[in-house]
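One structure below.
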Amino acid sequence: MWPRGCVLDCQGGRHRVVCGSNGRLYKSLCAFQRAQCINTQLRLAPRAHCSGTSSQPVDNKYSTISLNSAMFVPACHPDGHFLPVQCHNQTGYCWCSTPDGKPLSGTSILHLIPDCTGQIYLTQSHANR
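See the structure below:
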């Protein structure tokens, strides 16, 4: 199983193949980030680094795992970057996140969506509906 906070749902959005420092092609930045959760030494590499490998991107062996409803699945832009607001629908907490998925300290709030531009917390979350 993945380390806490590393479950990424990469099914939606646009997929652009990226190359990993392990010489493998990944079908999207999100799929690469999922592999990086398992191999923390993995880094993005120039496409030429993967030129000697198969032109087919690897499918992560975890891509077919059915997700437990209590697991947190980060929300991503189609380009694979994390959305600025992340919410755990099961717990009702939402927080601000950096583009690489790190939670911003002090932004977690219950049943509200934080305004990650620095404004006050005003919007009610979907988790409370």
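Start counting at 1 in the sequence shown, then tack on 173, and there's your number in the numbering used here. Even for Gly, the Cβ is constructed at its ideal location relative to N, Cα and C. Predicted model, so just to flag it, every value in this text is computed and none were measured.
**Prompt:** Helix or strand or just coil, what does DSSP make of H323?
**Reply:** Since the first residue shown for the chain is 174 and the last is 302, residue 323 is missing from the structure and cannot be characterised.
**Asked** In its own chain, which residues sit with a C-beta less than 6 Å from the C-beta of M289, not counting the 5 before and 5 after it?
**Response** Here residue 289 turns out to be Cys, not Met, going by the sequence shown. Residues P257, V258 and C269 of the same chain have their beta carbon placed closer than 6 Å to that of C289, with the five preceding and five following residues left out of the count.
**Prompt:** For Q259, which three-state DSSP category applies?
**Reply:** Strand at Q259.
**Request:** Can you give me the Cβ contacts of L277 inside the same chain, cut-off strictly under 6 Å, excluding the 5 residues immediately before and after it?
**Result:** Excluding sequence neighbours, L277 sits near C269.
**Bridge partner(s) assigned by DSSP for V191** = Answer is Y199.
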